[in-house]
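Heads up: the structure comes next, in structure tokens.
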Amino acid sequence: MRELVRKIKVKSVLNKQKFVDDWFLSSYSINPYSNCSFNCIYCYTRGSKYGEHQVPSLAVKINAPEVLVRQLKNRARKREYGFIAFGSATDPYLPVEKDLKITRELLMIILRFKFSVNLLTRSPLILRDLDILKKIGEKARIPKELEGKMDTGVVLSFSFSTTDEKLARIFEPGVPSLKKRLDTLKKCKDAGFTVGAVFMPLLPFLSDSEEHLDKMFKDVKENGADFVLASGLTLYGDGPHDCKTRYYEVLEEHFPELVPKTRAIFGKSSAPSHKYQKELYQRFLGLCRKYQIRNKIY
């Protein structure tokens, strides 16, 4: 079934961040699409301030390439080089990208102006663009703050909330299978790229246990991950389509026994308690040591 997508025009496509992102090393972000057809139940953009400017249905920023040329030309002239993050709000390799090729066009422009990229995705469609990404990695001008720390202008990150297929089908109904994601990670590593796994979000009492996390680490390590980043779940909004509402509805349907425990660690906040987060982080660090894998990109 062909995915429905609207075409919209934007005045800006390159978003300048106030500070360099500690996790993804990015100074800028780009989202070629608005909204997302992967339909993850826990998606933080639904109900949060990060989704305020998204259109109601899936849309492609059809004039993004011409807008990016103007914006990057200006940044390059000022020598304001930095990593550009793809996938901060919407996956850059949604199924419609196969035909529309907007992400590919944007990467060609980034290559032209010699900026670096960190691409976060859940899709094997990224393999189509390894030719351009390899050239970006070779030609990109590394930001001054990362000189001596990074020897490439490309980082490829793959997102997982679990590596249990049954659990993934419940909370990530439209996302490519875990096997495809792991295979894609390995192919990118074999092609010579710096690759990592992003465990965001880990689901309370479902994918955050020592046993479950150990399996996740084992799976990504075996497929070549150079680093792992992780964080807990955040839940925003009280509207019918907001992630907090949707998450508790799905939890009630499939894991009703976990609803009281989950509500207890969140209380009235959008994030789990400090105690929960601290314990999760210590568990994560222990597994990084066990599997000898970095907990940051470099």
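Numbering (the numbering used here), first residue to last: 2 to 299. We treat Cβ as the ideally placed atom computed from N, Cα and C, and that holds for glycine. Given the structure is predicted, the values throughout are model-derived calculations rather than measurements.
{"Check": "Coarse secondary structure for residue 197, derived from DSSP in three states", "Outcome": "strand"}
{"Check": "Coil, strand or helix - residue 298 by DSSP", "Outcome": "coil"}
{"Check": "Neighbourhood of residue 93 by C-beta, 7 Å cutoff - its chain only, sequence neighbours within 5 removed", "Outcome": "33, 87, 104, 120, 122"}
{"Check": "At least three beta-carbon pairs within less than 8 Å, the region 279-288 to the region 173-187", "Outcome": "no"}
{"Check": "Beta-carbon spacing of residue 222, residue 292 below 7 Å", "Outcome": "yes"}
{"Check": "Cβ neighbours of residue 224 in the same chain (closer than 8 Å, five flanking residues each side left out)", "Outcome": "183, 184, 186, 187, 190"}
{"Check": "For residue 138, the three-state DSSP class (helix, strand or coil)", "Outcome": "helix"}
{"Check": "Residue 10 beta carbon near the ligand HEM (any heavy atom closer than 6 Å)", "Outcome": "Here there are no bound small molecules, and the ligand HEM is not part of this structure."}
{"Check": "Contact set for residue 235: own chain, Cβ-Cβ below 6 Å, skip 5 residues either direction", "Outcome": "45, 271, 272"}
{"Check": "Cα-Cα separation, residue 253 to residue 210", "Outcome": "20 Å"}
{"Check": "Sequence-distant residues of its chain with Cβ nearer than 7 Å to residue 136 (five each side left out)", "Outcome": "112"}
{"Check": "Reference residue 62, options 82, 262, 7, 267, closest by Cα", "Outcome": "7"}
{"Check": "Nearest-angstrom beta carbon gap, residue 115 and residue 142 [assumed within contact, 8 Å]", "Outcome": "5 Å"}
{"Check": "Stretch-stretch touch, CB-based, cutoff 8 Å, three pairs: the region 24-38 with the region 238-257", "Outcome": "no"}
{"Check": "Per DSSP, cross-strand counterpart(s) of residue 16", "Outcome": "30"}
{"Check": "Pair within 7 Å by beta-carbon distance, residue 9 and residue 90", "Outcome": "no"}
{"Check": "Per-residue DSSP class, three states only, for residue 219", "Outcome": "helix"}
{"Check": "Residue 187: first and last residue of the uninterrupted alpha helix (DSSP H) it sits in", "Outcome": "179-191"}
{"Check": "Cα-Cα separation between residue 230 and residue 70, rounded to whole angstroms", "Outcome": "31 Å"}
{"Check": "Residue(s) in a DSSP beta bridge with residue 203", "Outcome": "233"}
{"Check": "Reduced DSSP category for residue 49 - H, G, I as helix; E, B as strand; rest coil", "Outcome": "Because the pLDDT at residue 49 is just 46, under 50, the model does not fix this residue reliably, and the value given afterwards should be weighed accordingly. Residue 49: coil per DSSP, three-state reduction."}
{"Check": "Nearest to residue 198 (by Cα), restricted to the options 163, 207, 172", "Outcome": "163"}
{"Check": "Whether residue 155 touches residue 97 by CB criterion (7 Å)", "Outcome": "no"}
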